[in-house]
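S.K.: Residue 1 is where the sequence shown starts when you use the UniProt record's numbering, and the numbers rise one by one after that.
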Amino acid sequence: MMTSMLSSFNPPIVKRLLGWKKAEGEDKWSEKAVKSLVKKLKKSAGLDELEKAITTQSCNTKCITIPRPSPGGVGDNGVQRGKGLPHVIYCRLWRWPDLQSHHELRAIEHCEYAFTQKRDEVCVNPYHYQRIQSPELPPIYVTPRHSLSGDETTLYNTSVEELSASVPENASFHATLNHQQQQQQLQPHQQPQQQQQHNQHGIPQSPQQQQPNNLYQGMQSMQATSPASVGSLGSVQGSPHPAPGSMDPPADTPPPGYISEDGDNMDHNDNMSLSRLSPSPDAQPVMYCEPAFWCSISYYELNTRVGETFHASQPSITVDGFTDPSNSERFCLGLLSNVNRNTVVEQTRRHIGKGVRLYYIGGEVFAECLSDSSIFVQSPNCNQRYGWHPATVCKIPPGCNLKIFNNQEFAALLSQSVSQGFEAVYQLTRMCTIRMSFVKGWGAEYRRQTVTSTPCWIELHLNGPLQWLDRVLTQMGSPRLPCSSMS
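As structure tokens, then:
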């Protein structure tokens, strides 16, 4: 009697499919996931194709489709809850047990119902997806004690005082997942009496963003300091206004130093010779090395750091407002105490909720807003991609995610900066810091104009790029003119 009952609950097809699973443990969940899929595929005659794909491990099989889940929805019997999207679930089950997120997957060319197609049906054939690998970054060639060029001398003579800065610009984000859609829908907020311009790449460009006229000066004008030293320099500043009589670049010219999506440098004003592009005979290669902890996260309330720094070793981590103990995949802010916490901070903490999920996949960092309230991100690397001023703050609504750092883009900027000298490279350290506030935004369109005015925020330090910079600077030797906190 018991055998027949088990047989009815586990038909032969379920047993055969479970026999091919790669994930160890979680047997009950795996069984539930397979049963759910079998139930959905019975009506579409997709079971044979599923078994064929899994047993042959071939990508030359047809799409196996199920109805696309609604955003935030829960699959049959709660299969989707806490386990991710359906194509991720079954890729994890039958191919990659350590798979964390859809950001790690890319559909093969002939998959007609790939997740990114946003059709009513989604393909869950695990062999119609490839796992994105972290691209190997080229070494940076450094000539020790690099001499100053004429251009570099000009940069050093530009003081921070001359770069009178205003509060950061703001941008809104209304798309998810697809980067092309992000390009189309990320819009910098308009100031009164300003007319939005577009460059030839279709990236929104505002008059303020065209200053400063190179990345190095742009990073200077951010005046980014640690909140611990906020009294000396203040917080992040941005978007210096053009001086009277200054000439803006034409609207159809990309911002200098802009890196296109295919990785090509779009700086038309940089007439580098072949000798500058090619390493000199005594140049030494400095390789990128992946650290054990890809980022460090500090939590702040106003201008006060609260709690210990969280060191992220997992490719997917969540920063939330709950009171559970933190672990390697989760940084819980709810348990952190602060004797100087005021009412506004208390109220804001209650609205952090599920917070933000951070992914580090394929050399790229993504931020996904899980909270019911928006998050606000200041990422100079992301701003460089869209041609904005480095200090621009981007609003990410609930359910949306945004690429906030790209190692390859950073490598291209680092290679370019080495030829400009020590301090140009040193300024890139600010690009490796990302600031993110919960619930309350800051910038030109908000009552709070600095990040240290927001009740609850975090600061990410990207350890891999920072350590790479440190090795490059060490190889370059001491600068001709000293760097300082005011540089």
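For glycine and all other residues, C-beta sits at the position ideal for the given N, C-alpha and C.
Are the CB atoms of residue 64 and residue 142 nearer to each other than 8 Å?
M.R.: no
S.K.: Please go through the same chain and pick out, in chain order, the residues whose beta-carbon is closer than 8 Å to the beta-carbon of residue 466, but skip the five residues on each side of it.
M.R.: 429, 432.
S.K.: Output the distance between the C-alpha atoms of residue 14 and residue 115, rounded to the nearest integer angstrom.
M.R.: 24 Å
S.K.: On a Cα-Cα basis, can you pick out the residue from 376, 385, 471, 341 that is closest to residue 459?
M.R.: 376
S.K.: Report buried or exposed for residue 11, applying the criterion of at least 16 other Cβ atoms within 10 angstroms of its Cβ.
M.R.: exposed
S.K.: For a test of the three-state rule: what should DSSP assign to residue 422, helix, strand or coil?
M.R.: It is helical.
S.K.: Would the beta-carbon of residue 106 fall within 8 Å of that of residue 129?
M.R.: yes
S.K.: Applying the criterion that 16 or more other CB atoms from any shown protein chain within 10 Å of the CB defines a buried residue, is residue 372 buried or exposed?
M.R.: exposed
S.K.: Report the residue from 62, 45, 84 whose alpha carbon sits nearest the alpha carbon of residue 33.
M.R.: 84
S.K.: From this set, 133, 66, 337, 112, which residue's C-alpha is nearest residue 96's C-alpha?
M.R.: 133
S.K.: Note down the Cα distance separating residue 405 from residue 462, rounded to an integer number of angstroms.
M.R.: Each residue's alpha carbon lies about 9 Å from the other.
S.K.: Go through the UniProt domain "MH1" (12-138) residue by residue and report every complete run of the beta strand (DSSP E) that reaches 3 residues or more, in order.
M.R.: If we require 3 residues or more, the beta strand (DSSP E) runs fully inside the UniProt domain "MH1" (12-138) come out as 65-67, 105-107, 121-123, 129-131.
S.K.: Can you tell me whether DSSP reads residue 505 as helix, strand or coil?
M.R.: The chain is shown only over 1 to 487; residue 505 falls outside these bounds and no answer can be derived.
S.K.: So is residue 118 buried or exposed if we call it buried at 16+ other beta carbons inside 10 Å?
M.R.: exposed
S.K.: Do residue 172 and residue 35 have their C-beta atoms closer together than 8 Å?
M.R.: no
S.K.: Can you say whether residue 86 is buried or exposed, counting buried as having 16 or more other CB atoms within 10 angstroms of its CB?
M.R.: Buried is the call here.
S.K.: Identify the continuous beta strand (DSSP E) that holds residue 433 and give its terminal residues.
M.R.: Element bounds for residue 433: 433-438.
S.K.: Can you round the beta-carbon distance between residue 353 and residue 320 to whole angstroms, since I take them to be within the 8 Å contact cut?
M.R.: 7 Å
S.K.: Can you tell me whether residue 417 is helix, strand or coil according to DSSP?
M.R.: helix
S.K.: For residue 61, which residues in the same chain have their Cβ closer than 7 Å to its Cβ, ignoring the five residues on either side in sequence?
M.R.: Within the same chain, residue 61 has close Cβ partners 49, 52, 53, 125, 127.
S.K.: Suppose only complete runs of 3+ residues qualify. What are the beta strand (DSSP E) ranges in the segment 348-378, listed by chain order?
M.R.: 356-361, 364-369, 375-378
S.K.: Spatial neighbours of residue 120 within its chain, please: CB distance less than 8 Å, with the 5 preceding and 5 following residues excluded, ordered by chain position.
M.R.: Taking residue 120 as the centre and dropping the five residues before and after it, the same chain places the C-beta of 67, 68 closer than 8 Å to its C-beta, in chain order.
S.K.: Return the CA-CA distance between residue 427 and residue 390, expressed in angstroms with no decimal places.
M.R.: Pairing residue 427 with residue 390, the inter-Cα distance amounts to about 12 Å.
S.K.: If I'm right that residue 28 touches residue 93 with Cβ under 8 Å, what's the distance once you round it to whole angstroms?
M.R.: Wrong, their Cβ atoms sit about 13 Å apart, outside the cutoff.
S.K.: Which residues in the same chain as residue 408 place their Cβ atom closer than 8 Å to its Cβ, once the five residues preceding and following it in sequence are excluded?
M.R.: 135, 137, 263, 363
S.K.: Taking only the alpha-carbon atoms, compute the straight-line gap between residue 424 and residue 359 and give it to the nearest angstrom.
M.R.: Rounded to the nearest angstrom, the two C-alpha atoms are 29 Å apart.
S.K.: If you run the structure through DSSP and keep just helix, strand and coil, what is residue 293?
M.R.: coil
S.K.: Name, in chain order, the residues that DSSP records as bridge partners for residue 300.
M.R.: 305, 457
S.K.: Do you know whose CA, among 314, 413, 419, lies nearest residue 283's CA?
M.R.: The shortest C-alpha separation from residue 283 is found at 419.
S.K.: At least one CB of chain D closer than 8 Å to the CB of residue 439: is that the case?
M.R.: In the structure shown, chain D cannot be found, because there is only a single protein chain.
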